[in-house]
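Enquirer: The listed protein sequences correspond, in order, to chains A and B.
16 is the number of the first residue of the first sequence in the numbering used here; add one for each residue after it.
19 is the number of the first residue of the second sequence in the numbering used here; add one for each residue after it.
Cβ coordinates follow ideal geometry from the N, Cα and C atoms, glycine included.
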Amino acid sequence: MENIIKVEGVTKSYAKHQVHQNLSLDIVRGECFTLLGPSGCGKTVLIRMIAGHEVPDEGKISIDNTVVTDSATGEYIPPERRGLGIVFQDYAVWPHMTVFENIAYPLKMEKRPKAEIEELVMRMIDIVGMKGLDKRLPSELSGGQQQRVALARALVADPSVMLLDEPLSNLDANLREEMRFEIKGLQEKFGITVLYVTHDQEVALALSDRIAIMDNEGAIRQIGTPYEIFEQPADLFVFKFMGIANFLHVTEKAGKFCVGTGNQEVPWEAPTGSAASWVAGFRPSDVTISREANGLKGKIRRANFLGATMDYMVEIDGETLRTELETHHAINSNLMFEEGEECYITFKALHWFDAKQLEEVAE
Amino acid sequence: MAKNTIKKDSGFGVAQLILFISIAILVIFVAWPVLLILFNAFFVEGKFNSLDFYNVLTEPETFQALKNSFVIACMTTVGSVIVGTFFAWLVTRTDLPYKTFMKSLFLVPFMLPSFIGALAWKMLLSPHSGYINKMWMEMFNTTEPLFNIYSYAGIALVEVMYLFPFVFIQVCGALERMDPTLEESARISGAGLLTITRKITIPLVMPSIMSGALLIMLYSMAHFGTVAVLGIEQGIYNIPTLIYEKIHQSAGSFASIRTGTVLATVLIASAALIIWTQQKILSKGHYQIIGGKSFRPMELKLRGLRYPLLFFCLAYIGFTIVLPTVVIFLVGGVQTYGLSILDPNNLSLDNYKYILFEYDVTRDAIFNSVTLGLAAAFITMFAGVMISYVIVKMKVKGKGILEFLGMLPFSVPGSVIALGVILAWSGAYGINIYNTVWIILVSYIARYMAFSLKANSAALEQVHDSLMEASRSCGASMWQSLKDIVIPLVKPGMISAFFLIFLPALRELTVSIMLYAPTTRTIGVAIYTLNEDGETVMSTALAGIALILIVLGQMLINHLTKKASE
């Protein structure tokens, strides 16, 4: 596998606020790579440094085996010479140009012959589903259509890499889902490398070949396939960031790990490692609830009917957890609990984390 | 497929160059003249001497001018706040008939140059020959005039007539944008309308009232025209008229320059204080309660007072706008001054023909004003775009200096600029353009830079950074992006800057009066000097022509801005 973008030891800070410290990252040719992290973690700064709109304080970035910025040698190639396609969060479609002129602009800058520009642009307009709208101004387009123009403009000059900075966050939920599949389709069609930045886990899981999880300090916690990130989280931050999470505090009693301060042992393999204390992490969907005396005994604290699913809050020896199950399944299996009823809990999946991490993440 | 690849060899950093040019423009045109004034005010024979500064300041003549400036400014401010707030409330918060139309009527005084207004009021209310006073004296067979316009009250009243829109606009804006739920919740809590007005509405619009009031204060303190036309006869001088008198009569002697610089220093200090206070008031937290959204505010039912109040508004407009304008055009057309202006046999268009095509003083003045206005507008528009671009968009070291310099044009009054320009460009530093049109051009650029910076930075702030970044990433260089993306998008701002400069320059008086030579009179100067020389009819006829030019220009702006916003 060949790396198309190499980020090596990049550090960047604004005034006193440090965004990135010694960050390194490789992106493989042809893959769809997503930078996923909470808002304000510095994902956008990284993408801007790759594009050339920001200069790192320290470190080196190469694209296609060419160094585009290097603090050691002072090398800096301006954005217009990096041969990238970019789609911005606010579309950045030029309001004074028609759809055609917007998409034709990168080709015009390359001084391609007029007939070729005409042909390429019309084909691109067709591909992004904007046929017949080429003479419109952006003000006459919907948000989704403007985003299509931005996509077409980024792709038309056949860049080696396309950078997308939260391109869907200004669209409504339905359109977001539709555009998500369209971007994936375009990426496969053009065989282009995509670097995608988002804070939306769902988009990242649906779109990516690989995901990098970035924390609030701009450090990368884990890089892996969507499956690895979801099923084998490297740490508690990654686990918590990827969806609703339950954490049960445990106390160790003679080699046994018991929930809360009680005497019920967690029905899962004991953790290995040297943490002073542990928490058990799992998602609501990892929990099996039943009336038969199997697993941890608890009490229903709250029962919520949410239509398609039932949502229960269960208390076990002073600890609480949330679980959900399909309403139909609950009715058929006699699992419609009332508040105050007793129940039993087992797990389909469970991860052990150092309890210290939970405090850090909560901060 | 040929992949789009990286192209090596890079451009050079032009950012520093642009920053340097921008700083140079502001230093040469604005900062340096101001510094020369401060230097001349505080240094005597090369030595710092604050005692002498104090001595000049306390000379009876100087001190009286300071007091006059302050007193007139205070009277004008109080009057304008009362008039402006009242009318703003009427057109936003009541069910006054034809509200939108009335609102635009109240903005008309902005167009009328106040010294032309003063000229008209002089003809109407001068103690012995004013038309109204004469009529009064004949009707009641008395020798006491109804009102003497040559007085503090007269000067302040005329200034209020033409300055109150500053408060009016600000308060209208605040009242329109104020969230009505704030008032409604007070009402639900059982507060009466008076209590709501006193406890909720007034505190919320107070920052806008204050900010408009301070603008008027600044304008009035440094205002030349009205005081020059109405005050000099009675020996009422304010700071700018005294500076003019000193420079004009003693032909640049050392003592008069010193008095001028000391007075100008006081103006600079007051302006700085006023601008600073205004910024403080506007940045206060509670101002945010007024959001950017438009709401439907609660309206007070005027009931039986609706039409009387409408009549009152119309009478006010008629008295302050229509009457003076009519007088200007009638007097401009009389054959024999002194005979009735209402006698059709005494009226013709001959005077207008004469001053437009035959009389060289006025013909030259119109030519000078139009060319100076066009040149100043062009140069200042382009300089303003560049400087605003650096301030709003660029990330370069040393931008802080430019931001500071960019504030300067806003706080330097016209008469200060004129004096500074005389000090800087009269040969003491190698270049002597005194007595030429160039010195007037230089001073116009300094005077109107603030307008250009304001209009252009507002337009540039609308152009999101990502638009430029997108074009850079599409392969356009910085210059190419400026040409293809930024300039087309800023064009409406540039056009409005152009007219914001051209129109006021057309009727400029404060600066030109200190810098004109016999062949370089502008329209304002010609009106003023002809009037001084007793050529009242010619002066008013020229004023009439100026009004027509201004109205035509304003209509053109309205047309263009409407087109741009479509």
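Indicate the three-state DSSP secondary structure (helix, strand or coil) for residue 141 of chain A in the structure shown.
Expert: Looking at residue 141 of chain A - three-state DSSP - the assignment turns out to be helix.
Enquirer: So with CB distances below 7 angstroms, who are the chain A contacts of residue 488 of chain B?
Expert: Here the neighbours are 101, 103, 107.
Enquirer: Relative to the alpha-carbon of residue 471 of chain B, which residue among B:39, B:159, B:399 has its alpha-carbon at the smallest distance?
Expert: Residue 471 of chain B has its Cα closest to that of B:399, out of B:39, B:159, B:399.
Enquirer: Mapping DSSP to helix, strand and coil, what is residue 306 of chain B?
Expert: Legend: pLDDT at residue 306 of chain B = 49, less than 50; position of this residue unreliable, no value from coordinates given.
Enquirer: Step through the CB atoms of chain A and report whether any lies within less than 9 angstroms of the CB of residue 514 of chain B.
Expert: So, not an interface residue.
Enquirer: With residue 248 of chain B and residue 261 of chain B assumed to form a contact (beta carbons below 8 angstroms), what rounded beta-carbon distance in angstroms separates them?
Expert: Contact doesn't hold; Cβ gap of about 18 angstroms is too wide.
Enquirer: What does the Cβ neighbour count give for residue 377 of chain B, buried or exposed, with the cut at 16 atoms within 10 Å?
Expert: Classification for residue 377 of chain B: buried.
Enquirer: Which residues of chain A have a Cβ atom closer than 8 angstroms to the Cβ of residue 506 of chain B, listed in chain order?
Expert: In chain order: 111.
Enquirer: Ordered along the chain, which non-local residues of its own chain (more than five positions away) have a Cβ less than 7 angstroms from that of residue 58 of chain A?
Expert: Closer than 7 angstroms at the Cβ level, and outside the excluded window around residue 58 of chain A, lie 50, 52, 212, 229.
Enquirer: At what residues does the alpha helix (DSSP H) containing residue 491 of chain B begin and finish?
Expert: 483-491 is the extent of the alpha helix (DSSP H) around residue 491 of chain B.
Enquirer: What are the boundary residues of the beta strand (DSSP E) that residue 47 of chain A is part of?
Expert: Residue 47 of chain A -> beta strand (DSSP E) spans 47-51.
Enquirer: One question on the structure: do residue 299 of chain A and residue 261 of chain A come within less than 9 angstroms of each other, judged by their Cβ atoms?
Expert: The answer is yes: Cβ separation under 9 angstroms.
Enquirer: According to DSSP, is residue 372 of chain A helix, strand or coil?
Expert: Of the three classes helix, strand and coil, the one that applies to residue 372 of chain A here is helix, per DSSP.
Enquirer: Provide the residue span of the beta strand (DSSP E) that contains residue 84 of chain A, from first to last.
Expert: Start and end: 81-85.
Enquirer: State yes or no: is the C-beta of residue 361 of chain B within less than 9 angstroms of the C-beta of residue 537 of chain B?
Expert: Taking 9 angstroms as the Cβ cut-off, residue 361 of chain B and residue 537 of chain B do not qualify as a contacting pair.
Enquirer: Helix, strand or coil for residue 552 of chain B? Go by DSSP, reduced to three states.
Expert: In this structure, residue 552 of chain B counts as coil in the three-state DSSP scheme.
Enquirer: Establish whether the CB of residue 580 of chain B and some CB of chain A are separated by less than 9 angstroms.
Expert: No, residue 580 of chain B does not count as interfacial toward chain A.
Enquirer: Would you please state the rounded distance, in angstroms, between the beta carbons of residue 429 of chain B and residue 533 of chain B? I believe it to be under 8 angstroms.
Expert: About 21 angstroms; that fails the 8 angstroms criterion.
Enquirer: What do you reckon, are the CB atoms on residue 435 of chain B and residue 394 of chain B nearer than 9 angstroms?
Expert: Contact: no.
Enquirer: Pairing CB atoms from the segment 510-521 of chain B with CB atoms from the segment 470-486 of chain B, are three or more of them under 8 angstroms?
Expert: Taking 8 angstroms as the limit for Cβ pairs, the verdict is that the segment 470-486 of chain B does touch the segment 510-521 of chain B.
Enquirer: Along chain B, which residues have their Cβ under 7 angstroms away from the Cβ of residue 211 of chain A?
Expert: None at all; the shortest Cβ gap to chain B is about 16 angstroms.
Enquirer: Listed in chain order, which residues of the segment 112-123 of chain A have Cβ atoms closer than 7 angstroms to some Cβ of chain B?
Expert: Per Cβ criterion, the list reads 120, 121.
Enquirer: List the residues of chain A that residue 503 of chain B touches, going by C-beta distances under 7 angstroms, in chain order.
Expert: Correct list: 109.
Enquirer: Counting only runs of 3+ residues fully inside the segment 134-174 of chain B, write out the beta strand (DSSP E) ranges in chain order.
Expert: You should have found no qualifying run.
Enquirer: Could you tell me if residue 198 of chain B is buried or exposed, where buried requires 16 or more neighbouring beta carbons within 10 angstroms of its beta carbon?
Expert: It counts as exposed.
Enquirer: Taking a Cβ distance cut-off of 7 angstroms, strictly less, list which residues of the segment 61-94 of chain A are near chain B, in chain order.
Expert: Going along the segment 61-94 of chain A in chain order, one finds 66, 68, 78, 79, 81, 83, 91, 92, 93, 94 with a Cβ nearer than 7 angstroms to chain B.
Enquirer: Select from the segment 122-148 of chain A all residues with a C-beta closer than 8 angstroms to any C-beta belonging to chain E, and list them in chain order.
Expert: You won't find chain E in this structure, because its protein chains are A and B.
Enquirer: So, does the CB of residue 495 of chain B fall closer than 9 angstroms to a CB anywhere in chain A?
Expert: Yes, residue 495 of chain B counts as interfacial toward chain A.
Enquirer: Note down, in chain order, every chain B residue with its Cβ under 8 angstroms from the Cβ of residue 249 of chain A.
Expert: The contacting residues do not exist; residue 249 of chain A stays about 33 angstroms from chain B at best.
Enquirer: Please work out which residues of its chain come closer than 7 angstroms, Cβ to Cβ, to residue 305 of chain B, disregarding the five sequence neighbours upstream and downstream, and give them in chain order.
Expert: Caution applies to residue 305 of chain B, whose pLDDT of 49 falls short of 50 and renders its modelled position unreliable; the model cannot decide the point.
Enquirer: Do three or more CB pairs link the segment 368-376 of chain B to the segment 554-568 of chain B at distances below 8 angstroms?
Expert: These segments touch.
Enquirer: Is the segment 292-308 of chain A in contact with the segment 252-259 of chain A, if contact means three or more CB pairs nearer than 8 angstroms?
Expert: The answer is yes - the segment 252-259 of chain A touches the segment 292-308 of chain A, with three or more Cβ pairs under 8 angstroms.
Enquirer: Measure from the alpha carbon of residue 15 of chain B to the alpha carbon of each residue in B:176, B:111, B:126, then state which is nearest.
Expert: Nothing can be reported for residue 15 of chain B, as the shown portion of chain B is limited to 19 through 584.
Enquirer: Using 8 angstroms as the threshold, is the segment 173-193 of chain B in touch with the segment 114-130 of chain B, meaning 3 or more CB pairs across them?
Expert: The segment 173-193 of chain B vs the segment 114-130 of chain B: in contact.
Enquirer: Among all the DSSP beta bridges, which residues are the ones paired with residue 78 of chain A?
Expert: Answer is A:20, A:81, bridged to residue 78 of chain A.
Enquirer: Could you compute how far the alpha carbon of residue 310 of chain B sits from the alpha carbon of residue 168 of chain B?
Expert: Unreliable placement is indicated for residue 310 of chain B, whose pLDDT of 46 sits below 50; the coordinate value is still reported in the next sentence. So the alpha carbons of these two residues sit roughly 44 angstroms apart.
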